[in-house]
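See below for the structure under consideration.
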Amino acid sequence: MRLLDNEIAIVTGGGQGLGLSTATYLAEHGAKVAILDLDATNAAKQAENLSGLGHIGIRCDVTNGEERIAAIKKVLDTFGTIDILVNNAGVQYHSEAENMPEEKWLNVVNVNLNSVMFMSRDVSHTMIKNKKGSIINIGSIASFQAMPGRTVYSATKTAVLGLSRNLAVDWGQYNIRVNTVCPGYHDTPLLRAYIDSGKLDPEVIKGRIPMRRLGLANDIGKAVVFFASDLSEYVTGQAMMVDGGYTTYGAAGAIE
Ligand SMILES: NC(=O)c1ccc[n+]([C@@H]2O[C@H](COP(=O)([O-])OP(=O)(O)OC[C@H]3O[C@@H](n4cnc5c(N)ncnc54)[C@H](O)[C@@H]3O)[C@@H](O)[C@H]2O)c1
Numbered sequence: 017m018r019l020l021d022n023e024i025a026i027v028t029g030g031g032q033g034l035g036l037s038t039a040t041y042l043a044e045h046g047a048k049v050a051i052l053d054l055d056a057t058n059a060a061k062q063a064e065n066l067s068g069l070g071h072i073g074i075r076c077d078v079t080n081g082e083e084r085i086a087a088i089k090k091v092l093d094t095f096g097t098i099d100i101l102v103n104n105a106g107v108q109y110h111s112e113a114e115n116m117p118e119e120k121w122l123n124v125v126n127v128n129l130n131s132v133m134f135m136s137r138d139v140s141h142t143m144i145k146n147k148k149g150s151i152i153n154i155g156s157i158a159s160f161q162a163m164p165g166r167t168v169y170s171a172t173k174t175a176v177l178g179l180s181r182n183l184a185v186d187w188g189q190y191n192i193r194v195n196t197v198c199p200g201y202h203d204t205p206l207l208r209a210y211i212d213s214g215k216l217d218p219e220v221i222k223g224r225i226p227m228r229r230l231g232l233a234n235d236i237g238k239a240v241v242f243f244a245s246d247l248s249e250y251v252t253g254q255a256m257m258v259d260g261g262y263t264t265y266g267a268a269g270a271i272e
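Residue numbers (the working numbering): 17 to 272.
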């Protein structure tokens, strides 16, 4: 059953990883998708590969106001409206808090938090006019749990929850729903980089995931489609963990 025929969706950071798999899943459900990402060529190529015709890829650094406005205008000129916004673009930076470089902190805050606010603000005008919209923000297990060296990542991903709840409260009157999907450890280029550099051991991670596997990129797309579609038409301000039980697991050691 296709759940999103005739819906128009924007996915930020849709050029690879969880964003690309989310774009893929939205398109399989009938949505027309605009992939916004830093690399114009890749965004266009990935959009062309999605199922169905007419998807577009646009170069957009979501921290840049002029690029955001231009990208949203392009989506409106192409499709006429916007029904779904997935604020997925995100970056990590690891550092001991005592040595955190200010410009690195500010960059992560800009990408992971400020862009979520301002992309939402900039599409809200269309959604308010239509009295219809679903905004899905991508949080993390770090929205709920602390990990060594992840101060800025955790701070921004936790703030995304508060932002989502508040936007849900402010915009419920316009039939705009705002929810957060919180991935666990998913096998994407971002995670692979940490595994390949020896910073993360996939076997140790799997050792404390009740479902005993890393997440697949598609697991996030499925949760996003739920929040984007009428299946969740009376659900707003919520956070859904998609982590194989990682945050639920509370024992000290690995699963026997
Ligand atoms: N992979 C995981 O296990 C995991 C776990 C928890 C949360 N997340 C979150 O999921 C989201 C996607 O993660 P991923 O693993 O697919 O990451 P990724 O690094 O594989 O992909 C991120 C994408 O965002 C784009 N991007 C980065 N900065 C941007 C900017 N300023 N403007 C536009 N695009 C930008 C990148 O070009 C890239 O295509 C992020 O918000 C991340 O924090 C991922």
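C-beta: ideal position from N, C-alpha, C; glycine also. Owing to the predicted nature of the structure, the values given are computational and were not obtained by experimental measurement.
Beta carbon of residue i, beta carbon of residue j: below 8 Å?
| i | j | result |
| --- | --- | --- |
| residue 200 | residue 246 | no |
| residue 139 | residue 98 | yes |
| residue 161 | residue 263 | yes |
| residue 47 | residue 20 | yes |
Any heavy atom of ligand 1 inside 7 Å of the beta-carbon of residue i?
| i | result |
| --- | --- |
| residue 202 | yes |
| residue 191 | no |
| residue 52 | yes |
| residue 170 | no |
| residue 157 | yes |
| residue 273 | It is not possible to answer for residue 273, since the shown part of the chain is limited to 17 through 272. |
| residue 77 | yes |
| residue 261 | no |
| residue 218 | no |
| residue 28 | yes |
Mapping DSSP to helix, strand and coil, what is residue i?
| i | result |
| --- | --- |
| residue 151 | strand |
| residue 125 | helix |
| residue 209 | helix |
| residue 66 | coil |
| residue 184 | helix |
| residue 158 | helix |
| residue 174 | helix |
| residue 87 | helix |
| residue 202 | strand |
Threshold first: 3 residues or longer. Then list the beta strand (DSSP E) segments lying entirely within the stretch 21 to 57, N to C.
24 to 28, 48 to 53
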